[in-house]
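Chemist: There's a structure below that I have some questions on.
Protein chains: 2
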Amino acid sequence: MSATVWNFNPGPAALPRPVLERVREELLDFEGTGLSILETSHRSPEYRRVHQGAIEGLRKLLEIPPDYEVLLLGGGATLQFALVALNLLEPGHPGEYLITGRWSAKALQEAQKALPLLGPGHAVRATWSSEETNYDRVPRPEELVVSPEASYLHYTSNNTIAGTQFPYVPETPEGVLLVCDASSDLASRPLDVKRFGLVYAGAQKNLGPAGVTVAIASPQALERSRARGLPSLLSYRAVAEKDSLLNTPPVFAIYVLKLVVEHYLAEGGLPALAERNERKARLLYETLDASRGFYRGCSRPESRSRMNVTFRLPSEELERRFLEEARSAGLLGLKGHRSVGGLRASLYNAVPFEAVRALVDFMREFQRRHG
Amino acid sequence: MSATVWNFNPGPAALPRPVLERVREELLDFEGTGLSILETSHRSPEYRRVHQGAIEGLRKLLEIPPDYEVLLLGGGATLQFALVALNLLEPGHPGEYLITGRWSAKALQEAQKALPLLGPGHAVRATWSSEETNYDRVPRPEELVVSPEASYLHYTSNNTIAGTQFPYVPETPEGVLLVCDASSDLASRPLDVKRFGLVYAGAQKNLGPAGVTVAIASPQALERSRARGLPSLLSYRAVAEKDSLLNTPPVFAIYVLKLVVEHYLAEGGLPALAERNERKARLLYETLDASRGFYRGCSRPESRSRMNVTFRLPSEELERRFLEEARSAGLLGLKGHRSVGGLRASLYNAVPFEAVRALVDFMREFQRRHG
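Going line by line, the protein sequences match chains A and B. Numbers given in our numbering equal positions in the first sequence, counted from 1, plus 1. Numbers given in our numbering equal positions in the second sequence, counted from 1, plus 1.
Set out below in structure tokens:
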């Protein structure tokens with residue numbers, strides 16, 4: 002293994018090194034208590050400060066309006082796929098879905114599985130899909146038709162497998178909640194939170210380790226959720242009312258999330274992160290485009306993701322060799338999703354510019370030898 | 002703060018020091034990959050070994066029959082309260098609950114909240130309760146009447162707030178699944194798993210950090226779960242079919258769980274843990290009983306918990322002083338649950354005998370000065 006390694010994992014993904022060092026530093030003695038954060042009660046004043054710090058940090062980093070609630074949940078985005086329908090669907094008002102990749106298709110499927118629990122009159126449907134072209138793009142704004150009768154419009158802002166991303170926020174008619182699975186780009190660029198009914202994201206791409214999911218709920222979403230009888234941990238309202246301390250939360254994951262958020266705030270917040278993420282992606286796409294077809298991007302230029310850059314080589318044999326040699330050069334996590342193959346470099350917040358520099362140097366050299 | 006501290010936290014609770022040291026040791030470089038386990042993909046071979054290791058370790062430690070499935074879930078026991086009803090309740094066959102404390106009452110409440118999702122004919126009911134005597138005991142075997150029509154019998158094997166514990170496993174009629182919330186005593190003593198339909202436990206008492214829940218499901222429970230259409234993460238069957246890798250799992254919590262389980266296996270497994278837990282509890286109860294009423298145990302002797310020893314002092318003023326002085330002496334986490342007050346020492350697996358030794362020395366000295 003090379004001395005320096007660069008982590009292009011698709012999530013769980015790179016974390017800022019100073020955060021990992023801090024975690025290591027205080028792992029056996031948290032704030033002079035003599036106890037590890039891993040053995041600290043979630044009702045202790047020490048953990049309370051961590052919990053509130055994580056929520057306040059997210060509010061600041063993401064500029065969340067004061068009337069929105071920040072929820073810290075378990076179960077990942079897959080659980081949210083069901084909770085969106087369970088909490089927000091109203092009878093006679095279908096949930097509409099933009100299908101831009103495997104995860105948005107899954108969001109629709111899981112909502113469908115929730116329908117028998119909700120009873121007659123509840124429905125969900127796809128209103129746009131790029132499945133026929135292998136999810137190579139997201140819709141243009143003028144292609145979107147949202148029914149004014151819809152309960153909500155659900156979309157996936159960044160598609161990790163195909164490597165596409167919405168460059169805009171969709172418009173919805175009055176009363177139709179905009180719901181976004183932002184698992185792979187929340188906190189990677191500024192977001193106008195007040196346009197959303199609900200935004201959710203597993204932390205393990207841009208915000209922290211696996212094990213905690215952030216949901217940002219508008220007053221309208223919480224109001225709808227209140228109207229339903231649901232088991233507590235399935236109800237946005239019930240979780241919000243207890244400040245996400247309805248039961249033992251995933252203490253350690255929230256602790257690391259807090260440190261990551263504070264680290265990004267100190268680095269300049271979303272504007273600084275967005276600028277760096279843009280530079281990283283630009284360098285990599287320029288390298289693809291300058292390769293005269295040796296490296297072929299999988300997504301259409303107007304839909305290209307700043308987070309996950311997907312590309313192919315002239316043959317699967319060359320792709321295998323690329324992965325092997327990259328690994329030897331300390332460039333890790335570049336394999337495409339098992340459902341599509343090819344290559345993928347995930348460029349989340351904690352991936353430094355130098356990592357992309359090292360990757361494109363390697364790519365040019367690889368092309369020189371094998372092109 | 003005293004040089005040595007002892008952790009009597011009710012959960013999240015003490016973890017074995019060698020495990021914490023190992024976590025610290027490899028936090029920045031997991032198995033020579035150059036990456037932290039916190040930034041390792043859940044689809045990587047490294048994490049796969051951790052995941053399988055955790056499951057295999059639990060199978061070995063708890064002697065789980067091969068036809069049972071071990072599930073690793075998020076959401077804590079509170080989510081299980083709902084999942085039990087969603088997965089296992091059949092129309093016309095009520096779920097029956099033994100109410101031996103606040104958590105079993107909560108299990109019933111959350112199941113009630115799940116009923117509207119299940120439709121007509123589904124019901125749950127309490128069939129025994131010690132609420133009137135402040136949950137000071139669990140039922141005697143001869144007090145239990147379980148309907149042969151029940152879907153399942155649910156009970157809480159150890160009650161952390163009241164400090165009671167079942168000294169036996171309840172009998173159920175053929176076809177009635179025995180369901181146990183063993184959050185606070187799983188892995189603290191041998192358990193005859195094959196008598197159960199389902200056993201579940203948040204890891205944060207005896208098995209690891211907060212953020213992962215272990216569920217052990219019988220073939221009968223999985224069969225019932227299959228019969229229902231449920232969102233994937235709410236279905237025991239769907240999670241079992243994907244080996245608890247249906248989506249990104251709580252990687253770090255499972256990693257620590259694996260290390261804890263391996264540590265206990267190396268220490269001699271459940272027989273050794275049970276023997277030590279028994280010695281710890283005996284020493285503390287003997288101290289209460291020898292105090293001529295200065296320390297009064299809250300639970301009846303025949304229902305006393307080996308995990309959570311609850312007691313009172315002659316006045317709340319003395320209790321406050323006890324807590325303060327104990328804290329100064331490095332004895333942490335002794336405050337009773339906020340709903341009942343008083344004092345509580347939690348003696349989970351990772352609390353060493355010396356900790357209890359230090360506690361009883363302190364208690365005798367405190368009584369000498371204030372008794």
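Every residue, glycine too, gets a C-beta built ideally from N, C-alpha and C. Note that the coordinates shown come from a computational prediction; the quantities given were computed from them, not determined experimentally.
Just reading off the beta strand (DSSP E) that Y153/B is part of, what are its end residues?
Modeler: Membership of Y153/B in the beta strand (DSSP E) is indicated by the continuous run 153–157.
Chemist: Pick out whichever of F363/A, S347/A, V357/A has its Cα sitting closest to the Cα of S189/A.
Modeler: S347/A
Chemist: Within 8 angstroms of any Cβ in chain B, is that where the Cβ of T128/A sits?
Modeler: no
Chemist: Does any CB atom of chain A fall closer than 8 angstroms to the CB of S42/B?
Modeler: yes
Chemist: In three-state terms, what does DSSP make of V371/A?
Modeler: Sequence check: residue 371/A is His here, not Val. It is helical.
Chemist: List, in order along the chain, the chain A residues whose C-beta lies closer than 7 angstroms to that of Q205/B?
Modeler: Those are T249, listed as they occur along chain A.
Chemist: Does the structure place the segment 221–230 of chain A close enough to the segment 44–59 of chain B that three or more beta carbon pairs sit under 8 angstroms?
Modeler: Remark: fewer than three beta-carbon pairs, one from each stretch, lie closer than 8 angstroms, so the segment 44–59 of chain B and the segment 221–230 of chain A are not flagged as touching.
Chemist: Would a C-beta distance cut-off of 8 angstroms place F167/A and V147/A closer than the cut-off?
Modeler: no
Chemist: Around the Cβ of S3/A, are there at least 16 other Cβ atoms within 10 angstroms (buried) or fewer (exposed)?
Modeler: Note on S3/A: pLDDT 46, under 50, position unreliable in the model; no value is reported.
Chemist: Excluding five sequence neighbours on each side, which residues of the same chain lie with their C-beta closer than 6 angstroms to the C-beta of P92/A?
Modeler: G122, H123
Chemist: Please work out which residues of its chain come closer than 7 angstroms, Cβ to Cβ, to P13/B, disregarding the five sequence neighbours upstream and downstream, and give them in chain order.
Modeler: Q205, P210, A211
Chemist: Quick one: which residues of the segment 92–115 of chain A get their C-beta closer than 7 angstroms to a C-beta of chain B? List them in chain order.
Modeler: E111, K114, A115
Chemist: Shorter than 8 angstroms from the beta carbon of F82/A to some beta carbon of chain B?
Modeler: yes
Chemist: With a threshold of 8 angstroms between beta carbons, is F323/B in contact with chain E?
Modeler: Going by chain labels, chain E is absent from the structure shown, which instead holds the protein chains A and B.
Chemist: DSSP three-state call for V240/B: helix, strand or coil?
Modeler: helix
Chemist: Could you compute how far the alpha carbon of L266/B sits from the alpha carbon of P272/B?
Modeler: Distance between the alpha carbons of L266/B and P272/B is about 10 angstroms.
Chemist: Going along chain A, which residues have a C-beta under 7 angstroms from P117/B?
Modeler: G230
Chemist: Can you list, in chain order, the residues of its chain with a C-beta nearer than 8 angstroms to that of E326/A? Leave out the 5 residues immediately preceding and following it.
Modeler: F363, F367
Chemist: Step through the CB atoms of chain A and report whether any lies within less than 8 angstroms of the CB of P13/B.
Modeler: yes
Chemist: If you check the beta carbons only, do L36/A and N207/B fall under 8 angstroms apart?
Modeler: no
Chemist: Give the straight-line distance between the Cα atoms of T165/A and D290/A, rounded to the nearest whole angstrom.
Modeler: 16 angstroms
Chemist: For a test of the three-state rule: what should DSSP assign to Y256/A, helix, strand or coil?
Modeler: helix
Chemist: Interface residues of chain B around S37/A at Cβ under 8 angstroms?
Modeler: L16, L21
Chemist: I want to see whether chain A comes within less than 8 angstroms of V352/B, judged by CB atoms only; does it?
Modeler: False, the Cβ-Cβ gap to chain A never drops below 8 angstroms.
Chemist: Could you check where the alpha helix (DSSP H) with R50/A kicks off and where it finishes?
Modeler: 46–62
Chemist: If N10/A and E40/B are in contact, beta carbons under 8 angstroms, what's the gap, nearest whole angstrom?
Modeler: 6 angstroms
Chemist: Identify the continuous beta strand (DSSP E) that holds L72/B and give its terminal residues.
Modeler: Counting along the chain, the beta strand (DSSP E) containing L72/B begins and ends at 70–74.
Chemist: Mind checking if P46/A is an interface residue toward chain B, Cβ cutoff 8 angstroms exclusive?
Modeler: no
Chemist: Would A78/A and T161/A qualify as a contact pair, given that the criterion is a beta-carbon distance under 8 angstroms?
Modeler: no
Chemist: Identify which residue in F197/A, V194/A, T134/A has its Cα closest to the Cα of R301/A.
Modeler: T134/A
Chemist: When the cut-off is 8 angstroms and only beta carbons count, does G75/A lie next to chain B?
Modeler: Judged by the 8 angstroms Cβ criterion, G75/A is in contact with chain B.
Chemist: Name, in chain order, the residues that DSSP records as bridge partners for Y201/B.
Modeler: Residue pairing of Y201/B in beta bridges, as defined by DSSP: D182/B, A216/B.
Chemist: List, from N- to C-terminal side, the alpha helix (DSSP H) runs of 4 residues or more that fit wholly inside the segment 100–141 of chain A.
Modeler: 103–119
Chemist: Report the three-state DSSP secondary structure of N88/A (helix, strand or coil).
Modeler: helix
Chemist: Check for me: the beta strand (DSSP E) holding V310/A runs from which residue to which?
Modeler: 309–313
Chemist: Is it right to say F323/A is buried, meaning 16 or more other beta carbons lie within 10 angstroms of its own, or is it exposed?
Modeler: Around the beta carbon of F323/A, 16 or more other beta carbons sit within 10 angstroms, so the residue counts as buried.
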